[in-house]
Amino acid sequence: MAGEGPRLGRELSIWEAVGISVALMAPSMAANINPQGMVGSVGRAVPLTFALATVGVLLVAYTFVRLTQKFHHSGSVYGFVGATLGARPGVVAGWGLLGTYLFYAVVTSTASARFLVSFLDGTGLWDSPPDWIVLPLVGLVLLGVLWLTISPIRLGTRVLLIVEASTVALILIVAVVVLVKVSGDGKFTTSPFTVAPGTDTSALFLGVVFGFLSFAGFEAAATLGEETRQPRRDIPRAILGTAIFGGVYFVFVTWVEVMGFGTSSDGLAAFGSSGSLFGDLGTRYVGAWLGDLISLGAAISAFGCALACAVGASRLLFAMARDGLAPAPLARVSPVRRTPIGAAVGVVLAAAVIEVLLWLVYRDGSDTSLAVFVAAGVIGTLVLLVVYVLASVGVIRLLFVGRDPRVRTWEVIIPVAGLIVLGYTLYRNVIPLPEGKSLVAPAVAAVWLLVGLVAVLAAPRLTRRAGAALTADEGLTAAKERV
Numbered sequence: 000m001a002g003e004g005p006r007l008g009r010e011l012s013i014w015e016a017v018g019i020s021v022a023l024m025a026p027s028m029a030a031n032i033n034p035q036g037m038v039g040s041v042g043r044a045v046p047l048t049f050a051l052a053t054v055g056v057l058l059v060a061y062t063f064v065r066l067t068q069k070f071h072h073s074g075s076v077y078g079f080v081g082a083t084l085g086a087r088p089g090v091v092a093g094w095g096l097l098g099t100y101l102f103y104a105v106v107t108s109t110a111s112a113r114f115l116v117s118f119l120d121g122t123g124l125w126d127s128p129p130d131w132i133v134l135p136l137v138g139l140v141l142l143g144v145l146w147l148t149i150s151p152i153r154l155g156t157r158v159l160l161i162v163e164a165s166t167v168a169l170i171l172i173v174a175v176v177v178l179v180k181v182s183g184d185g186k187f188t189t190s191p192f193t194v195a196p197g198t199d200t201s202a203l204f205l206g207v208v209f210g211f212l213s214f215a216g217f218e219a220a221a222t223l224g225e226e227t228r229q230p231r232r233d234i235p236r237a238i239l240g241t242a243i244f245g246g247v248y249f250v251f252v253t254w255v256e257v258m259g260f261g262t263s264s265d266g267l268a269a270f271g272s273s274g275s276l277f278g279d280l281g282t283r284y285v286g287a288w289l290g291d292l293i294s295l296g297a298a299i300s301a302f303g304c305a306l307a308c309a310v311g312a313s314r315l316l317f318a319m320a321r322d323g324l325a326p327a328p329l330a331r332v333s334p335v336r337r338t339p340i341g342a343a344v345g346v347v348l349a350a351a352v353i354e355v356l357l358w359l360v361y362r363d364g365s366d367t368s369l370a371v372f373v374a375a376g377v378i379g380t381l382v383l384l385v386v387y388v389l390a391s392v393g394v395i396r397l398l399f400v401g402r403d404p405r406v407r408t409w410e411v412i413i414p415v416a417g418l419i420v421l422g423y424t425l426y427r428n429v430i431p432l433p434e435g436k437s438l439v440a441p442a443v444a445a446v447w448l449l450v451g452l453v454a455v456l457a458a459p460r461l462t463r464r465a466g467a468a469l470t471a472d473e474g475l476t477a478a479k480e481r482v
């Protein structure tokens, strides 16, 4: 039963819940990398594309806002989908989200190590370090993540807030400096909010894929529903606030990035080939020291994101183990720290194993750490999109098929539009089907989801047990009774 044994501490404020969502979204890291993925298709219209992506993310955010207004559960979509669509879809959703968090932990720990190597190289502390050094650095990052994950949750979330807020502040300061200098040089322009002549407007929707990926994780506060003082009020606000902040932030900083590099063909080419967008802008417009500082800030930001992944995954794994879907030791809560110590250790060990396996797969490349970063990111995102689809279908069934009189009928347009965005994003990520080692990522994503699906079909008793646990969970049934 959900009520047996030590409980998670209910001590978080709305700002600490925001810390998880913002850190997992990692706006400072995303602003340095993701815009490059779309410049080849949208040209100068990168900020316009992010504006369109923001609309799509807000459509999906509606699903999580409505669900967290009714339910609070440390398993996030595992509990939400289980309560709205049934135990089997709930287990598949939970398994999918667990995979997303695990692979994102690999992505962000690898990114942190890569940015740290760049910092060491840029400052001259270690000239041209070999790529293989990233792997042991990832191990150190994961050890730090484990220590903070099993620490009292308030400490962990406050660290996330400090890390991400500091890095975002640094990027915004650089953005303002660049904006002032380009204005003084007569390079100020709003043309990045328009499509350049010769560029097909429909290409914007190819770029939206990369914009959507930048927001991945904005809903992570939902995993803290059992640890927040007023979950049905604060968790929806944290999720929606994170999505709105991300949209404003990404649109502004990418506009400055495009202006800083220039909207000419040479400027856009430099934009696409930059090793660190704001690092290069800091070096160009202020000094090399600032570029190095941004690289260090990006490393810390990525570490914070890895911590957010581990926190979210450990809470999800804890919820599944508590419901009998994973070994009982993973449901252990430390009576002193009041954190799920068993699940935290399991998550970090799994991330380390995945990291090593991906290094073995891509070891023949010239930049193995980058290949691992990209592959893990693609795997995690493809799985996440499927999870979002299940959650969106669940909210439609809960509010509009079951008819909640407090929800206006026309609102069904919002989750339906979100499903269209999700479907298109999934399609653009897998079609045309990649070849060679590029096929590894979508294949692993498909296998991960298939394992979850086969498990619920092959083990009906476990699924029924999970369904009974969800039915008995106070964070789910109390809300159902009010509907």
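Every letter in the sequence shown is one number past the one before it in numbering that gives the first Met the number 0, and letter 122, counting from 1, is 121. Just so it is clear, CB atoms sit at the ideal spot from N, CA and C, and this is done for glycine as well. The structure presented is a predicted model; accordingly, all values stated were derived computationally and were not measured.
As assigned by DSSP and simplified to three states, the class of residue i
i: R481; result: Low confidence applies to R481: its pLDDT is 44, below 50, so where it sits in the model is not reliable enough to give any reading.
i: E410; result: helix
i: G185; result: coil
i: R43; result: coil
i: G323; result: coil
i: E218; result: coil
i: P128; result: coil
i: T476; result: For T476, the pLDDT reaches just 48, beneath the cut-off of 50, and the residue's location in the model is therefore unreliable, leaving the point undetermined.
i: M0; result: At M0 the pLDDT is 42, less than 50, meaning the model places this residue with poor confidence; the figure from the coordinates comes in the next sentence. It is coil, neither helix nor strand.
i: N33; result: coil
i: Y361; result: coil
i: R113; result: helix
i: G81; result: helix
i: V76; result: helix
i: D233; result: helix
i: A195; result: coil
i: V332; result: coil
Closest by C-alpha distance to residue i, when choosing among the options
i: V377; options: F211, P196, Y77; result: F211
i: F372; options: R113, V347, P339; result: R113
i: Q68; options: Q229, E163, A25; result: Q229
i: W493; options: V56, P235, V257; result: Given a span of 0 to 482 for the chain in the structure shown, any question on residue 493 remains unanswerable.
i: V285; options: V360, I19, L178, L96; result: L178
i: Y61; options: T462, G36, L119, I238; result: I238
i: G417; options: P404, L389, L119; result: L389
i: A298; options: G261, S117, L145; result: S117
Pairwise C-alpha distance: residue j and residue i
i: L58; j: L51; result: 11 Å
i: F559; j: D199; result: One cannot answer for residue 559 here, as it falls past the ends of the chain, which runs 0 to 482.
i: A307; j: S264; result: 38 Å
i: F249; j: F49; result: 7 Å
i: L289; j: S273; result: 16 Å
i: R87; j: G93; result: 10 Å
i: K479; j: G278; result: Only weak support is given to the placement of K479: the predicted model assigns it a pLDDT of 48, under 50, and the question is left unresolved by the model.
i: D322; j: S275; result: 44 Å
i: V355; j: L134; result: 8 Å
i: V137; j: A110; result: 9 Å
i: G483; j: P326; result: One cannot answer for residue 483 here, as it falls past the ends of the chain, which runs 0 to 482.
i: S190; j: M28; result: 25 Å
i: L369; j: P34; result: 16 Å
i: R362; j: I32; result: 23 Å
i: L324; j: G206; result: 38 Å
i: G85; j: V76; result: 12 Å
i: F317; j: P328; result: 9 Å
i: G39; j: G271; result: 7 Å
i: R464; j: V386; result: 21 Å
i: T380; j: A215; result: 7 Å
i: R481; j: F399; result: In this prediction, R481 scores a pLDDT of 44, lower than 50, which makes its location untrustworthy; the coordinate-derived value is nonetheless stated afterwards. Between R481 and F399, the C-alpha separation is close to 16 Å.
i: G78; j: V455; result: 15 Å
i: V439; j: A374; result: 8 Å
i: V125; j: L119; result: According to the sequence shown, residue 125 is Trp rather than Val. Taking the straight line from one Cα to the other gives about 5 Å.
Proximity test, Cβ basis, 7 Å: residue i and chain B
i: A343; result: Absence of chain B from the displayed structure is noted, only one protein chain being present.
Buried or exposed (CB count within 10 angstroms, at least 16 for buried), residue i
i: G2; result: Confidence in G2 is poor, its pLDDT being 45 and thus under 50, which makes the residue's placement too unreliable to answer from.
i: F217; result: buried
i: W409; result: exposed
i: G42; result: buried
i: I395; result: buried
i: L432; result: exposed
i: R65; result: buried
i: T193; result: exposed
i: E473; result: Low confidence applies here, because E473 scores a pLDDT of 42, under 50, leaving its location unreliable and the question unanswered by this model.
i: V173; result: buried
i: V208; result: buried
i: M302; result: Just to set this straight, residue 302 is Phe in the shown sequence, not Met. When all chains shown are included, F302 counts as buried.
i: I293; result: buried
i: P339; result: buried
i: E434; result: exposed
Near the ligand ATP: residue i beta-carbon under 6 Å from a heavy atom
i: Y284; result: Inclusion of the ligand ATP in the displayed structure is not the case, the ligand content being empty and no account of it being possible.
If you scan the segment 399–459 from start to end, which runs of the alpha helix (DSSP H) of 4 or more residues do you find wholly inside it? 412–429, 439–457
Which whole runs of the alpha helix (DSSP H) in the segment 255–303 are 4 residues long or more, in chain order? 264–272, 276–284
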